[in-house]
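> Chains as they are written, first to last, in the numbering used here: chain X, 1023 to 1578; chain D, -5 to 336.
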Amino acid sequence: MARLVIDPVTRIEGHLRCEAVVADGKVKDAYSSCTMWRGIEIIMKGRDPREAWIFVQRLCGVCTTVHAIASVRAVEDALKIKVPRNADLIRNLIMGNQCVQDHVIHFYHLHALDWVDVVSALKADPAKTSELAKSISSWHNNSTTYFKAVQDKLKAFVERGQLGIFSNGYWGHPAYKLPPEANLLAVAHYLEALDWQKEVIKMMAILGAKNPHPQTFLVGGMAIPVDPESQNAINAGTIAALHKYADMGIEFVEKVYIPDLLAVASFYKDWTKYGGNSNFLACGEYPEANGKLWLPGGVIKNKNLREIYPVDHKKVMEYITRSYYTYSKGEKAGLHPWDGETTPNYTGPKPPYEYLNVDGKYSWGKAPRYEELPMEVGPLARVLVAYASGHKEIKEVTDMVMKKLGIGLEALFSTLGRTAARGIITLVTAYKIKDFINELATNMKNGDFKIANTEKWDPKTWPAEAKGMGWHDAPRGALSHYIVIKNKKIENYQMVVPSTWNLSPRDHKGIRGPVEEALVGTPVADSKQPLELLRTIHSFDPCMACGMHIVEVKEE
Amino acid sequence: MERETIYEGLVRRGVSRRDFLKFCATTAAMLGLSSSYVPKIAEAMEKKEKPVVVWLHFQDCTGCSESVLRATKPTIGQIVLDVVSLEYHETIMAAAGHQAEKSLHDAIHKYKGKYLVVVEGSIPTKDGGLYCCIGGRSALDILKEVAKDAAVIIAIGSCATYGGIPAAKPNPTGAVGVRDIIKDKPVINLPGCPPNVENFTATLVYFLTFGKLPKTDNLGRPLFAHGILIHDNCERRGHFDTGEFAKSWGDKGHRLGWCLYELGCKGPFAYQNCPTIRWNDGTSWPVMAGHPCVACSEPKFWDANAPFYADSGKKEEFLAKATKIGLGAMALAGLTKKENKE
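1. Could you tell me the distance, in whole angstroms, from the CA atom of Thr1087 of chain X to the CA atom of Ser1521 of chain X?
2. Consider the Cβ of Val1027 of chain X: report whether some Cβ of chain D lies at a distance smaller than 8 angstroms.
3. Using only alpha-carbon positions, find the residue among X:Asn1475, X:Ser1436, X:Tyr1515 that is nearest to His1560 of chain X.
4. State the DSSP-derived secondary structure class of Arg1033 of chain X, mapped to helix, strand or coil.
5. Please report the straight-line C-alpha distance between Val1573 of chain X and Lys1388 of chain X, rounded to a whole angstrom.
6. Of the residues X:Ala1052, X:Ile1158, X:Gly1186, which one's Cα is nearest the Cα of Ala89 of chain D?
7. Using alpha carbons as the reference points, say which of D:Thr203, D:Trp243, D:Asn212 lies closest to Ala36 of chain D.
8. How about Leu1135 of chain X: is its C-beta nearer than 8 angstroms to some C-beta of chain D?
9. Given a limit of 9 angstroms on CB to CB distance, which residues of the region 292 to 304 of chain D reach chain X?
10. In angstroms with no decimal places, state the Cα-to-Cα distance between Ala1208 of chain X and Leu4 of chain D.
11. Output, in chain order, the set of chain X residues within a Cβ distance shorter than 9 angstroms of Cys126 of chain D.
12. Please report the residue range of the alpha helix (DSSP H) in which Glu1461 of chain X lies.
13. Taking only three categories from DSSP, how would you classify Ser1157 of chain X?
14. Can you give me the start and stop residues for the alpha helix (DSSP H) that Trp1218 of chain X sits inside?
15. Alpha helix (DSSP H) containing Ile1524 of chain X: first to last residue?
16. Which two residues bound the contiguous beta strand (DSSP E) that contains Pro33 of chain D?
17. Helix, strand or coil for Ala327 of chain D, going by three-state DSSP, please let me know.
18. Return the chain-ordered list of same chain residues with a C-beta closer than 8 angstroms to the C-beta of Ile1127 of chain X, the five sequence neighbours on each side being excluded.
19. List the residues of chain D whose Cβ lies closer than 9 angstroms to the Cβ of Pro1071 of chain X, in chain order.
20. I'd like the ranges of any beta strand (DSSP E) spanning at least 3 consecutive residues and lying wholly in the region 18 to 97 of chain D.
21. If you follow the alpha helix (DSSP H) that Ala1540 of chain X is part of, which residue opens it and which one closes it?
22. Could you tell me whether the Cβ of Cys55 of chain D comes closer than 8 angstroms to any Cβ of chain X?
23. Go through its chain and collect everything with a Cβ distance to Tyr1341 of chain X's Cβ below 6 angstroms, but skip five positions before and after it.
24. Spell out whether any CB of chain X is found under 8 angstroms from the CB atom of His99 of chain D.
25. Taking only the alpha-carbon atoms, compute the straight-line gap between Val1105 of chain X and Asp1470 of chain X and give it to the nearest angstrom.
26. Given a cut-off of 8 angstroms on the beta-carbon distance, is the pair Gly251 of chain D and Asn1108 of chain X in contact?
27. Quick one: does Glu1538 of chain X have its CB under 8 angstroms from some CB of chain D?
28. Among D:Lys106, D:Tyr1, D:Ile222, D:Phe234, whose alpha-carbon lies nearest the alpha-carbon of Ala141 of chain D?
29. Is it buried or exposed for Asn183 of chain D, if we count other Cβ within 10 angstroms and need 16 for buried?
30. Would you tell me roughly how many angstroms separate the C-alpha atoms of Val1031 of chain X and Cys55 of chain D, rounded to the nearest one?
31. Mind checking whether Ala1500 of chain X and Val1399 of chain X have CB atoms under 8 angstroms apart?
32. Assuming Met1397 of chain X is part of the alpha helix (DSSP H), what are its boundary residues?
33. Hey, is Asp135 of chain D's beta-carbon within less than 8 angstroms of any beta-carbon in chain X?
34. Does any residue of chain X bring its CB to less than 8 angstroms from the CB of Val146 of chain D?
35. Would you say Ala1143 of chain X lies against chain D (beta-carbon separation less than 8 angstroms)?
36. Take every Cβ of the region 1142 to 1158 of chain X, pair it with every Cβ of the region 1276 to 1290 of chain X, and state whether three or more of those distances are shorter than 8 angstroms.
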């Protein structure tokens, strides 16, 4: 038995530590721990609910926008504000743009190096890489000369001995299966994606003023005006620019991301056997004009796709038995976020430390449960719920992916399935963005310039007490914010975020969180180079700054 | 083997001489230097070895790193692979766990006294610093060790400079900025939530060219980026001076780009170059898009400048300045005021 520690887990947002017990070349048990805490909810107390989004957006700069959206929705729910359609459309565009850009960055810059051996690319024959590229896509950068140039650059970089961000990678590890030519293709696209991401995100910069941390959200709508007669508002020129960045997104996802994903996945089909979970939750997203959500929400239990349960936030409870907090009702109690309490109670080892005390409390993350079950959230949950609900676009793309990989639906419950689901969501979202732009343009044409409902802007119009919640199916999964407003101020502010679900520690019954569960059974060729563990951990796209917020502290 | 220079790196990545000189010229302009400095900057890029950079993450949201990822002049690919040698950065480095710790250890020993440290996020000091641990060690410990042999330190973002959002009242973890801990090294502050990557790049280039950090104000911020009030460079300043204010979201004034002061704009209290350089390759910035500035470059702005949507009242103080252009007094008297009605 070996006790393996990965800390820091890199190529994620934030500070994550993973401890695993390995025996006979397999993970027997695993523990995921959040090792950083800021106390954002305590900071929220007593502030103006209308500006909560500005604060909580800083939970995470990678999942920028997502907490802002959940926050304005929570306040709008509490104050019973219906936002104008244009505001929903602008939000949909910002959310969609974030989803497309963020998932591509995840695939190439956070996840790819788990599957792609950068050093092996040096041995590739650029002519063969060119053939491979042409066989899978019509993307324009596909000549021998192009791949030779990329390889030469890489060579010069390696020969200089200054590997920079590629230093000390697990290069040459036996679990890398791609031929050198495919590795070279992926390295070339790693670099192209770096250049692409800063361009495609300009859609958000136009609508949100900047990225990261856009600044045009508003309780009641959006702060960016719409007026075809003004140079200082969304006008015809803006619509043209939005289409340009939407097309840029579609082209890259269609011609680079998806073909690469399929090519890489075809060499790693054994990863449909590892890293799966049984329970999934998606909250649904993208309000349509008819009041419904474009992607449906739902809960899947025990992998049963024949029965999709509706999501009810009242069934969410958080436990702290193995987290660094105490509850007044005892260690085993579960609390709904509206009644949540959090008193920090660090019982872990004093730094510097070698191992966590995994038999006791071991994480700053709480353990959220839905009807006492851990839930995986994120792209896979979203795809499974939509597929099982008969969602047309999701079904089409998922069937295409399964057909090309020669796998069935059951194979999606895995590390590879999770990584593929992210690509599926990205593609359908990239297409859908065009519809939202067209609808906004039509509204403008019809003289609808309304961007905010300001009836409740003045706090004098508010009830003495109100509470609300806001869902947002963020790139990393179902996110929910909860607010209690009293005397025009925040009385209580709470967030249950995707990485709290996925990276959750054990609960009051000792049941593992989704990442912990997914890691059990993972093969480990060399416990000093735990590449295989990183594959599964990264497939969840952990985001720890989000995950280790605190739910509420009673003031002493 | 000799380490390559930045210019060699850029050429290797296919950057033309013309683009290279253009980059030098843009940077000189941004730094407020005359064109006679362009050759000096170019020379430094051509002859000096790429600096080794170690990037530390503490109580952060990675928004500053994301901001740097949006770099366009040069691009992030060029910065990471060519302009600097980035030896440690948890968000993008290939290595993890022990191998990542080794990268950090190797960099600070091999390049002792020469490496540049970038710190993102605040440092918790309460309860022995246990609120942020990496590799089982506290942020406080890691910062002290890495800073010891650093050439200079860049505190990037409002958290690393002043404690930022974790230090907002009641500061549950005792979060502080780098300068509160490191007293014996040159530390430059690049505040902003997040900061604009262009200011980061310009600071780097200044350091490479002149071997020292750019001139700063009394808060340790580079003057080229933080020397002028947002209000004084704001494209909507004329509307302030003539008393044209947006009163409500989506009203006529708001749609026509009138001043956002009465909706809460904090531009008159913020020293930052957003109106001149804008964000994301010059695409936009908050006031341009219709939302008030929250003065994210200022110390303790989360407390000092909130509530963000309240008219700050003190218009007369600014009008004393505005009188210089002769319109302020008239605006105050309502003489030039236009009606904000449909």
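Quick reminder that beta carbons are idealized off the backbone N, C-alpha and C, glycines included.
In terms of the structure at hand:
1. Looking at the two C-alpha atoms, the distance is approximately 16 angstroms.
2. yes
3. X:Ser1436
4. coil
5. Residue placement at Val1573 of chain X is flagged as unreliable, the pLDDT there being 29, under the threshold of 50; a coordinate-derived value is accordingly withheld.
6. X:Gly1186
7. D:Thr203
8. yes
9. Trp296, Ala300, Pro301, Phe302, Tyr303, Ala304
10. 21 angstroms
11. His1037, Thr1057, Met1058, Trp1059, Arg1060
12. 1437 to 1467
13. helix
14. 1202 to 1222
15. The question names Ile, but residue 1524 of chain X is Asn in the sequence shown. From DSSP, the alpha helix (DSSP H) with Asn1524 of chain X extends over 1520 to 1524.
16. Careful: Pro33 of chain D lies outside any beta strand (DSSP E), inside the alpha helix (DSSP H) at 32 to 41.
17. Below a pLDDT of 50, predicted positions are generally treated as unreliable, and Ala327 of chain D, at 47, falls in that range; the measurement from the model is reported next regardless. Reduced to three states, the DSSP call for Ala327 of chain D is coil.
18. Here Ile1127 of chain X has Ala1215, Gln1219 as same chain residues with Cβ atoms under 8 angstroms from its own Cβ, once five neighbours each way along the sequence are excluded.
19. Neighbours of Pro1071 of chain X on chain D: none; closest Cβ ~11 angstroms, over 9 angstroms.
20. 46 to 51, 79 to 82
21. 1536 to 1541
22. yes
23. Gly1356, Ala1389, Asp1529, His1530
24. no
25. 13 angstroms
26. no
27. no
28. D:Lys106
29. It is buried - the Cβ of Asn183 of chain D has at least 16 other Cβ atoms within 10 Å.
30. If you take the alpha carbons of Val1031 of chain X and Cys55 of chain D, they lie about 16 angstroms apart.
31. Contact: yes.
32. Run containing Met1397 of chain X: none; DSSP gives neither H nor E here.
33. yes
34. no
35. no
36. yes
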